[in-house]
Amino acid sequence: MFEKIRRSMENFFDPFCRIFFPIIPIWVTPNRLTIARLIGVPFLIYILWQGWYISSLVLFITLALTDMFDGALARGRNMITEFGTLLDPISDKILIASASLILLIKVDLTLAILIVGLDLIVLILSGVGKLIGHKLNLKANIWGKTKLTLQVIGIGLIFLGFILNLMWLHDVAIYVLWAAVAFAIVSIIKNGA
Numbered sequence: 004m005f006e007k008i009r010r011s012m013e014n015f016f017d018p019f020c021r022i023f024f025p026i027i028p029i030w031v032t033p034n035r036l037t038i039a040r041l042i043g044v045p046f047l048i049y050i051l052w053q054g055w056y057i058s059s060l061v062l063f064i065t066l067a068l069t070d071m072f073d074g075a076l077a078r079g080r081n082m083i084t085e086f087g088t089l090l091d092p093i094s095d096k097i098l099i100a101s102a103s104l105i106l107l108i109k110v111d112l113t114l115a116i117l118i119v120g121l122d123l124i125v126l127i128l129s130g131v132g133k134l135i136g137h138k139l140n141l142k143a144n145i146w147g148k149t150k151l152t153l154q155v156i157g158i159g160l161i162f163l164g165f166i167l168n169l170m171w172l173h174d175v176a177i178y179v180l181w182a183a184v185a186f187a188i189v190s191i192i193k194n195g196a
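Sequential numbering from 4 applies to the sequence shown in my numbering.
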């Protein structure tokens, strides 16, 4: 059932992304998009720390979109690699954890610690599993993709709250992010982490 939902999500997003394939040069590979996302994170941290919320929102959305495109590009151009399968979820966690930590410190410290902590648990357990020879399934599943989507929405609402000076958006974001925490826990359980 969950595989069917995962395919449905891919069937929804991939055709949208394929519209842009003709203008994406062949040298832009899925792995390069993933690496670009990682390289962009320190810049995001810096401009968030400075309180430049409009610029940081634009950069955050751009980096989040690379996640949507790298998977579609890998499937569409038959460029799925083990490196990309491993690095993509790690770069997602680093992007979300960085933005969450800096933004949520200003809104809800407990939630910030929980979101970053869950991502660290996954990374630590997968590292330990690899050391003892147990291969954990780090491929994205429907639970993890839903968690990531909710985190992006929640973080976006926090950005908008700061930009528009509408602090009630932070309250909405907190509910969305608590839902993301629930999906993160289910994702960890389903992946065997």
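No residue lacks a Cβ here, since even glycine has one placed at the ideal position from N, Cα and C. The structure displayed is predicted, hence computed values, not measured ones.
{"Item": "Start-to-end residues for the alpha helix (DSSP H) that takes in I158", "Value": "145-167"}
{"Item": "The stretch 25-33 touching the stretch 43-56, judged by at least three CB pairs closer than 8 Å", "Value": "no"}
{"Item": "For N194, the first and last residue of its enclosing alpha helix (DSSP H)", "Value": "171-194"}
{"Item": "Secondary structure of M82, DSSP reduced to three states", "Value": "coil"}
{"Item": "V119 beta carbon less than 8 Å from that of A102", "Value": "no"}
{"Item": "Backbone CA spacing between P45 and K193 [nearest angstrom]", "Value": "31 Å"}
{"Item": "With 16 other Cβ atoms within 10 Å as the buried cut-off, status of A185", "Value": "exposed"}
{"Item": "P33 (DSSP reduced to helix, strand or coil)", "Value": "helix"}
{"Item": "Per-residue burial, L114 [other beta carbons within 10 Å of its own, 16 or more giving buried]", "Value": "buried"}
{"Item": "Residue-level contact to chain B via CB, P33, 8 Å cutoff", "Value": "Checking the listed chains, one finds no chain B in this structure; it contains a single protein chain."}
{"Item": "F165, buried or exposed, once every other Cβ within 10 Å from all chains shown has been counted against 16", "Value": "buried"}
{"Item": "Option nearest L112 by Cα separation, candidates R40, H173, G87, S190", "Value": "H173"}
{"Item": "K96 - DSSP class collapsed to helix/strand/coil", "Value": "helix"}
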